[in-house]
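Asks:
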Amino acid sequence: MEVQGKVKMVGETQTFGNNGFRKREIVVTTEEQYPQHIMVEFVQDKCDLLNNFQVGQDVKISINLRGREWVNPQGETKYFNSIQGWRIENLQAAAPSAGTPMPPADAFEPATDLKEEDHDDLPF
Numbered sequence: 074m075e076v077q078g079k080v081k082m083v084g085e086t087q088t089f090g091n092n093g094f095r096k097r098e099i100v101v102t103t104e105e106q107y108p109q110h111i112m113v114e115f116v117q118d119k120c121d122l123l124n125n126f127q128v129g130q131d132v133k134i135s136i137n138l139r140g141r142e143w144v145n146p147q148g149e150t151k152y153f154n155s156i157q158g159w160r161i162e163n164l165q166a167a168a169p170s171a172g173t174p175m176p177p178a179d180a181f182e183p184a185t186d187l188k189e190e191d192h193d194d195l196p197f
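Going by the working numbering, the sequence shown opens with residue 74, and the numbers climb by one from there.
Take a look at the structure:
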């Protein structure tokens, strides 16, 4: 699954317990009719993936949905969900920059070496 949107917040890495469990959160605002602010957590070695991302960047995050069951001391069962990221891509790097003009369509010569019998060479 994927979440796509604009980075709203990148949190600091948090360390928990004696075992050194690490977690880092990012909030992405989706760009749809009703924008959503989605918090995605990156854990352990994936925390470092967020080092090169800042507020305002357009990103695509590959995620896994996680669910846990917990029984409290009173015996009540509670359920918790989390969204864990495992890859993040900067979408602005893939788009051509506004300063790079496209060549005009008439800048290319039309092909002249076509044969009538080659017009449909598809194998199906």
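Ideal placement from N, C-alpha and C gives every residue a C-beta, glycine not left out. Here the structure is a predicted model, which means the values were calculated and not measured.
Going straight from the alpha carbon of Val-100 to that of Trp-159, what length do you get?
Replies: Taking C-alpha positions only, Val-100 is separated from Trp-159 by approximately 15 Å.
Asks: If contacts are defined as beta-carbon pairs under 8 Å, then Val-76 and Ile-111 qualify, I think. What distance do you get, rounded to the angstrom?
Replies: 5 Å
Asks: Note the first and the last residue of the continuous beta strand (DSSP E) segment covering Gln-87.
Replies: 87-89
Asks: Examine the Cβ distances between the segment 125-134 and the segment 151-165 and report whether three or more of them are shorter than 8 Å.
Replies: yes
Asks: What number of angstroms, rounded off, separates the C-alpha of Ser-155 from the C-alpha of Asn-125?
Replies: 23 Å
Asks: What's the call for Phe-89, buried or exposed, on a 16-neighbour Cβ count within 10 Å?
Replies: exposed
Asks: Check each candidate in Val-128, Phe-153, Asn-91 and name the one with the smallest Cα separation from Gly-140.
Replies: Phe-153
Asks: What residue range is occupied by the uninterrupted beta strand (DSSP E) comprising Leu-138?
Replies: 131-144
Asks: How many Å lie between Val-144 and Asp-118 at the Cα?
Replies: 29 Å
Asks: DSSP three-state label for Asn-92, please.
Replies: coil
Asks: Does DSSP put Gln-77 in a helix, a strand or coil?
Replies: strand
Asks: Which residues in the same chain as Arg-95 place their Cβ atom closer than 6 Å to its Cβ, once the five residues preceding and following it in sequence are excluded?
Replies: Within the same chain, Arg-95 has close Cβ partners Thr-86, Thr-88, Gln-117, Cys-120.
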